[in-house]
Amino acid sequence: VYQLIAKRDDQWQEALAYVESRMLLTNENIFSDLMNRIQADKFIRSRIAEAKNCIANILETYQYGQFSLRHYLPQIREFLSSIGEAHSAYNTALKLKNMGINARFVDLSGWDNQEPRNLDDSIRDAFADIDVTKELPIVTGYAYCKEGLMHTYDRGYSEMTFSRIAAITKADLAIIHKEYHLSSADPRVVGPEKVLP
Numbered sequence: 022v023y024q025l026i027a028k029r030d031d032q033w034q035e036a037l038a039y040v041e042s043r044m045l046l047t048n049e050n051i052f053s054d055l056m057n058r059i060q061a062d063k064f065i066r067s068r069i070a071e072a073k074n075c076i077a078n079i080l081e082t083y084q085y086g087q088f089s090l091r092h093y094l095p096q097i098r099e100f101l102s103s104i105g106e107a108h109s110a111y112n113t114a115l116k117l118k119n120m121g122i123n124a125r126f127v128d129l130s131g132w133d134n135q136e137p138r139n140l141d142d143s144i145r146d147a148f149a150d151i152d153v154t155k156e157l158p159i160v161t162g163y164a165y166c167k168e169g170l171m172h173t174y175d176r177g178y179s180e181m182t183f184s185r186i187a188a189i190t191k192a193d194l195a196i197i198h199k200e201y202h203l204s205s206a207d208p209r210v211v212g213p214e215k216v217l218p
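The numbering used here numbers the first residue of the sequence shown as 22 and each following residue consecutively.
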């Protein structure tokens, strides 16, 4: 979707509709209970509809000579990424609740925020009324903040959010499970023989 938008290809709307259909299929596969699936579907349909409207407005604005799409692309990339993050976290929290676990969806994506805030302040506010000894927070890895996580950390933004949550909440232990565990470099880029654990 992002690449189509960056290329100014009008097919981005069809691509976004395809993403929505895949997310709805994921919901169907995860939630056998119809009421839970309806709830999960409503959540993602709302996010996709709002994203489509927002992106369409940005694309309409850039058509005027005073605005350049390239200035909006980093925000669009983060905006699109936040949809998948929210979908995963929302579904996980909903599924855990259905299993009897006291889980809470914590959305740091800033979906409804007008202005970005400092990452640490956003985390403090989100966790202000959560007692982690009684409730399991399921948090989006992407956090909308002044620091611009994707711009600053690119694909490592979730780890940064996680580590800041651990520090701010004074967690006793924080473990990150990754496809490639924390190492000196990405083995796909430099080769596995050059990576130190």
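Yeah, the Cβ is synthetic: ideal placement off N, Cα and C, and Gly gets one too.
DSSP places PRO213 within a helical segment (H, G or I) once states are collapsed to three. Membership of VAL160 in the beta strand (DSSP E) is indicated by the continuous run 157-160. If you ignore the 5 residues before and after LEU94, its C-beta comes within less than 7 Å of the C-beta of ALA27, all in its own chain and listed in chain order. A distance below 8 Å separates the beta carbons of ILE186 and ILE144.
PHE88 and GLU156 have their C-alpha atoms some 45 Å from each other. Counted as a single uninterrupted DSSP element, the beta strand (DSSP E) harbouring VAL127 occupies residues 124-127. By the C-beta density criterion, VAL211 is exposed, having fewer than 16 other C-beta atoms within 10 angstroms. With 16 or more other CB atoms across the displayed protein chains lying within 10 angstroms of its CB, HIS108 is buried. Sorting ALA147, LEU90 and ALA124 by C-alpha distance to the C-alpha of SER130 places ALA147 at the top.
A residue is called buried once 16 or more other Cβ atoms fall within 10 Å of its Cβ, and ALA149, having fewer, is exposed. Residue ASN112 holds the alpha-carbon nearest to the alpha-carbon of ARG58 among PRO208, ASN112 and CYS166. Between THR190 and SER103 a beta carbon distance of about 22 Å is seen, past the 8 Å cut, so the two are scored as non-contacting.
DSSP places ARG29 outside both helix and strand once states are collapsed to three, so it counts as coil.
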